[in-house]
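Asker:
Numbering (this note's numbering), first residue to last: 15 to 360.
1. Verify whether the separation of the beta carbon atoms of residue 314 and residue 273 is less than 8 angstroms.
2. Considering only residues of the region 256-313, which uninterrupted beta strand (DSSP E) runs meet the minimum length of 3 residues and lie entirely inside it, listed in chain order?
3. Hey, could you find the ends of the beta strand (DSSP E) residue 205 is sitting in?
4. Measuring CA to CA, which of 183, 176, 294, 161 is closest to residue 170?
5. Which residue from 198, 208, 163 puts its Cα closest to that of residue 185?
6. Can you tell me the Cα-Cα spacing of residue 232 and residue 121, whole angstroms?
7. Using only the alpha-carbon positions, how far apart do residue 143 and residue 163 sit?
8. Exposed or buried, which one is residue 327 when buried takes at least 16 other CB atoms within 10 Å?
9. Does residue 227 come out as helix, strand or coil in the three-state DSSP assignment?
10. Could you spell out where the beta strand (DSSP E) holding residue 179 opens and where it closes?
11. Identify, in the order they occur along the chain, each residue of the same chain with its Cβ nearer than 6 angstroms to the Cβ of residue 308, setting aside the five sequence neighbours on each side.
12. Counting Cβ pairs closer than 8 angstroms, one from the region 257-265 and one from the region 283-294, do we hit at least three?
13. Where do the N-terminal and C-terminal ends of the beta strand (DSSP E) with residue 171 fall, by residue?
14. Quick test of the definition: if touching needs 3 or more C-beta pairs under 8 angstroms, does the region 218-237 touch the region 190-201?
15. Short check: CB of residue 312 to CB of residue 286, under 8 angstroms?
16. For my contact list, residue 290 and residue 156 are in at a C-beta cut-off of 8 angstroms; report their separation, rounded to the angstrom.
17. In this structure, what does DSSP give as the bridge partners for residue 351?
18. The beta strand (DSSP E) that contains residue 238, what's its start and end?
19. Would residue 349 pass as a contact of residue 262 if the rule is Cβ separation under 8 angstroms?
20. Measure from the alpha carbon of residue 225 to the alpha carbon of each residue in 346, 243, 214, 176, then state which is nearest.
21. What residue range is occupied by the uninterrupted beta strand (DSSP E) comprising residue 143?
22. Ordered along the chain, which non-local residues of its own chain (more than five positions away) have a Cβ less than 7 angstroms from that of residue 172?
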């Protein structure tokens, strides 16, 4: 039993308890979608408490053990920590697979499906309009497929080198990195496994000006993972002059995504869970993507390939519907698919 008024983040469970000096709080997490790392340590240094959290996914239980007892000398903040030496929480998981409920029509781009020797990606270049700062939302539909490479490949979904990226690693987990003060430019594992040959919608959200800043990962519109963070988004690769925004690959390393991607959106605002859910099964209207004040930086539908004068000649460019016009150029093994996406691009 927790008691106190501290905010805890582990996985995407967010627990806030009212101030109680002598009473205990009963916690009901029914209906809360979540993912937990296998091992987490929660420490309240000013109170002397150290509590370790471990997750048994098979038995669906969360174990919390007190390694160092909490200091129960109450003050204006109230007591923090566990009353007993240990605690076990049982949980049930329900997950909404939105991709099963949408009309599977329209076009997509298939990355790295014909050869392992010509890594494919979509390059939007290094326009200053693509630079991130205090808030960001990245969205994409993906359908992973088995890699054709004989070597393990951690496939990039979206990347602006040194600033932000989302990837599906070889083990299927969705991971991200954002160049903020904390957790710095390092890969963070959300714990979600994106299965091969299944469409899912991914959204990564961060607002440095929020009361409790956190980097949040939404799967099919459900908040699945959250991690405390702070600081504006910087550029870890500024000294290397690597600033390309790419889909399906990255500039610094060869880490191609294998599978299909559709309906990529890049915002300079933090979209709410409700906003993400309302718009993930349909295209955006011109009232949204045609007005800069709406906050969308880039919007790629993948409906058709055009010759927009980017890179080489021919119809191998993808239009950015936002006012910024950050059109993309196909490089390497990327083909257009028909009739297999989760979005109607018509």
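Backbone N, C-alpha and C fix where the C-beta goes; we use that ideal spot for every residue, glycine too.
Answerer: Walking through what the data contain:
1. Here residue 314 refers to the residue found at position 300 when the chain shown is read from its first residue. Here residue 273 refers to the residue found at position 259 when the chain shown is read from its first residue. The answer is no: Cβ separation not under 8 angstroms.
2. 259-261, 273-281
3. Sequence index remark: in the chain shown, residue 205 carries index 191 (1-based). 202-207 is the span of the beta strand (DSSP E), which, as asked, contains residue 205.
4. By one-based count along the chain shown, residue 170 stands at place 156. It is 183 whose Cα lies nearest to the Cα of residue 170.
5. Position 171 of the chain shown holds residue 185. Of the listed residues, the one whose Cα sits closest to residue 185 is 208.
6. Along the chain shown, one-based indexing puts residue 232 at 218. Along the chain shown, one-based indexing puts residue 121 at 107. Distance between the alpha carbons of residue 232 and residue 121: 23 angstroms.
7. As a working mapping, residue 143 is identified with position 129 in the chain shown. As a working mapping, residue 163 is identified with position 149 in the chain shown. Cα-Cα distance, rounded: 34 angstroms.
8. As a working note, residue 327 is residue 313 in the chain shown. Exposed, by the Cβ-count rule.
9. Residue 227 sits at position 213 when you count from the first residue of the chain shown. Coil at residue 227, not helix or strand.
10. Here residue 179 corresponds to residue number 165 of the chain shown, with the count starting at 1. Start and end: 178-182.
11. Reading the chain shown from its first residue, position 294 is the one you call residue 308. Result list for residue 308: 302, in chain order.
12. no
13. Here residue 171 refers to the residue found at position 157 when the chain shown is read from its first residue. Residues 169-174.
14. yes
15. Working through the chain shown from its first residue, we reach residue 312 at position 298. Working through the chain shown from its first residue, we reach residue 286 at position 272. No, the Cβ-Cβ distance between residue 312 and residue 286 is not below 8 angstroms.
16. As a first step, residue 290 is located in the chain shown; it is residue number 276 there, counting from the start. As a first step, residue 156 is located in the chain shown; it is residue number 142 there, counting from the start. Going by Cβ atoms, the distance from residue 290 to residue 156 rounds to 15 angstroms, so no, they are not a contact pair.
17. For the purposes of this step, residue 351 is identified with residue 337 of the chain shown, where counting begins at 1. Per DSSP, 122.
18. Indexing the chain shown from 1 puts residue 238 at position 224. Start and end: 236-242.
19. Indexing the chain shown from 1 puts residue 349 at position 335. Indexing the chain shown from 1 puts residue 262 at position 248. No, these two residues do not count as a Cβ contact at 8 angstroms.
20. Translated into positions along the chain shown, residue 225 becomes position 211. Closest option to residue 225, Cα to Cα, is 243.
21. Locating residue 143 in the chain shown gives position 129, where the first residue counts as 1. Counting along the chain, residue 143 falls outside any beta strand (DSSP E), and DSSP gives it neither H nor E.
22. Position 158 of the chain shown holds residue 172. So the list reads 152, 154, 179, 180, 261, 278, once near-sequence residues are dropped.
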